[in-house]
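Each residue of the sequence shown is one higher than the one before, starting from 44 at the first, in this note's numbering. Glycine is no exception: its CB is placed at the ideal position from the N, C-alpha and C atoms. These figures come from a predicted structure and were not determined experimentally.
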Amino acid sequence: MLELKGISKTFNPGSLFEKKALVNINLSVEEGEFISIIGANGAGKSTLFNAISGSFLTDEGSIVLDGEDITFLPDHKRAKTIGRLFQDPLRGTAPAMSIEENLALASGRGGWLSSISKKDKEDFRERLSALSMGLEDRMKQPVGLLSGGQRQALTLLMATFNPPKLLLLDEHTAALDPATAERVLSLTDRIVKENRLTCLMITHNMQSALVQGTRTLMMDKGRIIYDVKGKERETLSVQDLLEKFRENSGKDLDNDRMLMV
């Protein structure tokens, strides 16, 4: 479904600020897989997502999505089949526009906003109701008035309104309080399963990396250093992940943000 072959990216090559962000990444993702990705800051997680979504061209390698080589496809064309959520709840929506208007843009229906049909509004209300956040009764309110959790849930709904071939979740709960993050993660699970989406999720939470989805990847210095799924993954603990990091990277994990979770 998604094939990354020999992906590499170096920023500022030949300078004092040279940074090898991705190093010979090879990854095969099957249709319907939900992969959790973990690693310290600078490990290359978000850079990997940027490569997949077309934020920059890679130095080497190829990217194939659903049989189509998208290696040199512009990011705006990839966006038609790749959905992405970011850590910042302010991204992914138009804050000055209403919930209803944001959903109209995400759905791509009915031409310009003034022509939102009654049927579309009923559909929006039904989808919002499924979030269990009361947003179906606030459809005329600007998105900027929503809490971080409400906006992130809305962004998730918008990104999957027309189910993408691939969904990228870039620490989409990191800016939320623990209770809200748990709620958005539960919502994420439900939407991914209902739409049978292929999904990659970056998380700083080591427990989530073992519980969410069907497969776990660990990255360090632009490389995938551990890849686990199935029964082996089911038996792993957070301590086991720390041991795997030590074995495969040759050092202890010293990222306080990850170790505190």
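How big is the Cα-Cα spacing for residue i and residue j?
i, j, result
"S96", "K264", "20 Å"
"L108", "D118", "13 Å"
"A139", "Q195", "16 Å"
"L47", "I68", "7 Å"
"D112", "N55", "26 Å"
"G82", "G57", "26 Å"
"I93", "F99", "A small correction: the amino acid at residue 93 is Asn; Ile does not occupy that position in the sequence shown. Cα to Cα, the separation comes out at about 7 Å."
"T114", "A122", "13 Å"
"N248", "Q130", "13 Å"
"N84", "E214", "12 Å"
"L146", "A202", "10 Å"
"G153", "E165", "The pLDDT assigned to G153 is 49, lower than 50, so where the model puts this residue is not dependable; a value taken from the coordinates is nonetheless given after this. Approximately 14 Å, taken between the alpha carbons."
"M262", "S175", "35 Å"
"Q250", "G293", "22 Å"
"D102", "L116", "14 Å"
"S141", "R233", "25 Å"
"K236", "G177", "22 Å"
"I159", "L148", "10 Å"
"R289", "G273", "22 Å"
"N291", "A218", "29 Å"
"L285", "K161", "53 Å"
Contact defined as beta carbons within less than 8 Å: I believe residue i pairs with residue j. What is the distance between those atoms, to the nearest angstrom?
i, j, result
"A266", "V66", "Going by the sequence as given, residue 266 is Arg instead of Ala. 5 Å between Cβ atoms; contact."
"L128", "L199", "6 Å"
"L279", "Q255", "The pair is not a contact, with the Cβ atoms about 13 Å apart (cut-off 8 Å)."
"S71", "T259", "The Cβ separation is near 15 Å, so there is no contact."
"L188", "E179", "No, L188 and E179 are not in contact; Cβ-Cβ is about 15 Å, not under 8 Å."
"D151", "N238", "Before going further, note that residue 151 is Gly rather than Asp in the sequence given. Contact doesn't hold; Cβ gap of about 16 Å is too wide."
"L308", "T136", "Residue 308 lies beyond the residue range present for the chain, which begins at 44 and ends at 304; the question has no answer from this structure."
"G87", "A64", "5 Å"
Take residue i as the anchor and find which of the options has the nearest alpha-carbon.
i, options, result
"I106", "S51, D270 and D166", "S51"
"F90", "E74, K62 and N248", "It should be noted that the sequence gives Thr, not Phe, for residue 90. Nearest of E74, K62 and N248 to T90, Cα basis: K62."
"D163", "M176, M182 and S175", "M182"
"I268", "G104, R233 and K287", "K287"
"F167", "L174, M176, E143 and P185", "E143"
"L133", "P185, D102, R226 and S160", "P185"
"V271", "L45, A64, M44 and F77", "F77"
"E73", "T257, R233 and T124", "T257"
"L253", "T216, L230, L45 and Q282", "Q282"
"T246", "T216, L230, G273 and R226", "T216"
"L230", "A173, L285, G273 and L284", "A173"
"T124", "R226, E290 and M44", "M44"
"G104", "A149, K120 and T53", "T53"
May I ask you to check if the CB of residue i is nearer than 7 Å to at least one heavy atom of the ligand SAM?
i, result
"E169", "Ligands in the displayed structure: none, and consequently the ligand SAM is not present."
Contact between the segment 209 to 228 and the segment 240 to 249 is defined here as three or more beta-carbon pairs at a separation below 8 Å; is this criterion met? yes
Do the segment 213 to 222 and the segment 179 to 198 touch if we need at least three Cβ pairs shorter than 8 Å? yes
What are the start and end residues of each continuous beta strand (DSSP E) run of 3 or more residues lying completely inside the segment 174 to 249, in chain order? 209 to 213 and 241 to 245
What residue ranges within the segment 88 to 144 form continuous alpha helix (DSSP H) runs of no fewer than 4 residues, ordered along the chain? 88 to 96 and 118 to 121
Restricting to runs no shorter than 3 residues, where is the beta strand (DSSP E) found entirely within the segment 62 to 88? 62 to 72 and 77 to 81
With a floor of 4 residues, list each alpha helix (DSSP H) that falls wholly inside the segment 249 to 275, ordered by position along the chain. 249 to 254
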